[in-house]
Structure formats: C-alpha cells, structure tokens
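Let me begin by presenting the structure, written as structure tokens, before commenting on it.
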Amino acid sequence: MVQKIAKDSDDRMQFKRIADLWEKRETSRNSATSEMKEDPVRDEIKEMKDMVVNDGGKPGSEVYFHALELFTKKEHRDVFSALKEEDSTVRLEWINKAWETFMKKI
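Heads up: the sequence shown at position 20 corresponds to 20 in our numbering, and the numbers run straight through without jumps.
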C-alpha cells in the first residue's frame, strides 16, 4: 500500500513537471512569435502617415484622417507611394480628391 501511494505521488510529480515544461514552452513560443511578427502593411501606413504630416497634414486635421482612412486600402497606398517624388501639395491634393471620389462611392 505504501508503495502504491509513493508511485502515485511520483506519477503526479512527473505529470506536473511535464505540464510545467509544456506551459513554459508555449509561453516562450508565443512571446517569441509575437515579438518577431512584423506587419509590413502597418509599417507602410506609418511611413505614409509620416509623409502626410511632413507635407503639412497636421495630426487631427481632415486631410490627416482622410489619409488614414484611404491608406486602409492597398490601391490607395499604391497610388500614394507612386507620388513620393511629387511635391507635397500634389500629395495632399490627391488625398482630398481621392477622398471625394471615395465618398461618392458610398
């Protein structure tokens, strides 16, 4: 009887160690994965948002919020990217025109 209790205790200890190791592995794997994940779309939107601000689109302004909304669509990001070499006024004007077109479709 004493041997059975000792064996049950050993089995429980082994199971607990296995469960602890599994939990540590999962925690480590999840944190490593989340740290390594980079979102290229998020980076692209941030870069474009910075361009809008540098062009004179003040955070909180209409053109700023219109740009953020437009940049959620790839086609708008593609066009805005193509305007990188243009004058800042051209980019801001494009945002306004694209916003007008976008709103007409709704």
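Note that the Cβ used here is the ideal one computed from N, Cα and C, for glycine as well.
Given that a residue counts as buried once 16 or more other Cβ atoms are within 10 Å of its Cβ, and exposed if not, what is Leu21? The residue is exposed, with fewer than 16 neighbouring Cβ atoms inside 10 Å.
Could you spell out where the alpha helix (DSSP H) holding Asp50 opens and where it closes? Pro40 to Asn54
Expressed to the nearest angstrom, what Euclidean distance is found between the alpha-carbon atoms of Ser88 and Asp39? 26 angstroms
Only counting the same chain, and skipping five residues up and downstream in sequence, which positions put a Cβ closer than 6 angstroms to that of Phe71? Ile45, Met48 and Arg77
Residue range of the unbroken alpha helix (DSSP H) whose run includes Leu68: Glu62 to Leu70
For the alpha helix (DSSP H) containing Lys105, name the first residue and the last one. Ser88 to Lys105
So, are the CB atoms of Arg91 and Asp50 less than 7 angstroms apart? Result no, Cβ atoms of Arg91 and Asp50 do not sit closer than 7 angstroms.
Nearest candidate by alpha-carbon position, reference Trp94, set Ile106, Gly57 and Glu23: Gly57
Which two residues bound the contiguous alpha helix (DSSP H) that contains Lys74? Lys74 to Ala82
What whole-angstrom Cβ distance do Val79 and Ala67 have, given they're in contact under 8 angstroms? Actually they are not in contact, since the Cβ atoms of Val79 and Ala67 sit about 12 angstroms apart, beyond 8 angstroms.
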